[in-house]
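Below is one structure, written out as structure tokens; comments come after it.
Protein chains in written order, with this note's numbering: chain A, 4 to 144; chain B, 6 to 327.
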């Protein structure tokens, strides 16, 4: 009985400290826009300066279609549609290239670095043992 | 009672929490595709009480060995009975002090590929299956055995080893220890010797690729006397052969095949490209191999592969995955 009272007291005590809850709703993330490569890694080695990556563009459109300009090895080699696994807390991005039903997905890193939104995507384009990471920023031109 | 206590002492002098004693024992030559054994003696000096700690061993090997599939790591210690086992660390278990990277990526970021000159290597990281509670002042001394089936390629390579415990991760060079072997030879395998130990006049990264990878061809002109020493520009003369029997060449010196000088000083040059795009090969056709050599601007001087009879032929890069 004493124990129960103690628990009840504890509960009531705690109750006093419960603050008014505020409803924070995480804003949906969007990747819409045209993205350019600012860093490229092959097998964890920075190769950005070894080749011209500047013309590659990954364009995500509001209708969930995507297109690639000036193609370089990437997760997909055809235009198609894209989807985030969770618009509020995206962990993965899915690409459905061409008109086929096959999709490929990869982990989506979506950090803000020095106030600028980045997208980081890792993939294999040729042999599975070779991995690439592209870091994108939104292209202004 | 030492039950359930891990650790080592000994080189407290060096201030190291975990250290490798002496050399990692190995042969100087192994046969390709056969099992190779490496033995590391080490110790862990516990300088504060720790709970639920695992022993961590890292192992730097050529990717082409696919060593993660064949390697078995075991150890015997002064506080355990019998042979203890270790397992590859799951990718969602991150090291402390590792900047959010996985264990293999963190070791790669910290130590690269050690003293090797080619980067087609990977860190495999193992943790003890047994979890220890360590009390300040207790020691664990152990001898670990790595058994790995070597790859099929002929090569020369230096293997790397890393030792720490997971309560520290990559806490600093005064906490963990690394060790890199002398040059080990893999013989009686396939193909020309891939030399991870010393730079050659030419190299290609990555070692295995498809035409949809990004490839870097390098010319290290300072390695030995050659015709192109002193040239102010080096060009990459290449011919691609496809599965449809077509041939695509970019031979004449120009902006497209001009190699990039890797630093102001020295005589190292490289060119990096996506082969399918570089040779403008149609989508329905695939490059199977590239023949190449290095030349000066007017093509009057070149560096090619020299055969035993002193004749010269282009270098050859064949596409294919592990």
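Ideal Cβ positions, reconstructed from N, Cα and C, are used throughout, including at glycine.
Please read these numbers as outputs of a predicted model, since none were measured by experiment.
Practice item. Could you tell me whether the Cβ of residue 132(A) comes closer than 8 angstroms to any Cβ of chain B? Key: yes
Review point. So, does the CB of residue 60(B) fall closer than 8 angstroms to a CB anywhere in chain A?
Key: no
Point to revise | Any chain A beta carbon closer than 8 angstroms to residue 274(B) | key: no
Review point. CA-CA distance, residue 128(B) and residue 113(B)?
Key: 7 angstroms
Review point. Taking only runs of the beta strand (DSSP E) that begin and end inside the segment 96 to 153 of chain B, which ones reach a length of at least 3 residues, in chain order?
Key: 126 to 133, 137 to 139
Practice item. State buried or exposed for residue 170(B), treating a residue as buried only when at least 16 other CB atoms are found within 10 Å of its CB. Key: buried
Check your understanding: Should the segment 124 to 133 of chain A be called in touch with the segment 133 to 148 of chain B, which here means at least 3 C-beta pairs below 8 angstroms?
Key -> no
Review point. What is the residue span of the alpha helix (DSSP H) that residue 283(B) lies within?
Key: 280 to 283
Review point. With which residues is residue 46(B) paired in a DSSP beta bridge?
Key: 26(B), 148(B)
Practice item. Step through the CB atoms of chain B and report whether any lies within less than 8 angstroms of the CB of residue 112(A). Key: no
Check your understanding: Taking Cβ positions only, does residue 48(A) come closer than 8 angstroms to chain B?
Key -> yes
Review point. For chain B, is any of its Cβ atoms less than 8 angstroms away from the one on residue 136(A)?
Key: no
Review point. Can you give, in chain order, each stretch of the beta strand (DSSP E) that sits fully within the segment 111 to 138 of chain A and has at least 3 residues?
Key: 119 to 126
Review point. Once you ignore the five residues that flank residue 94(A) on each side, which residues in its own chain have a CB closer than 7 angstroms to its CB?
Key: 88, 110, 111
Point to revise | Where residue 86(B) sits in the DSSP three-state scheme | key: coil
**Study point:** Below-8 angstroms beta-carbon distance, residue 228(B) vs any chain A residue
**Key:** no
Check your understanding: Looking only at DSSP bridge pairs, what is residue 74(A) linked to?
Key -> Residue 74(A) pairs with nothing; no bridge assigned.
Review point. Would you report the Cα separation of residue 142(A) and residue 33(A), rounded to the nearest angstrom?
Key: 15 angstroms
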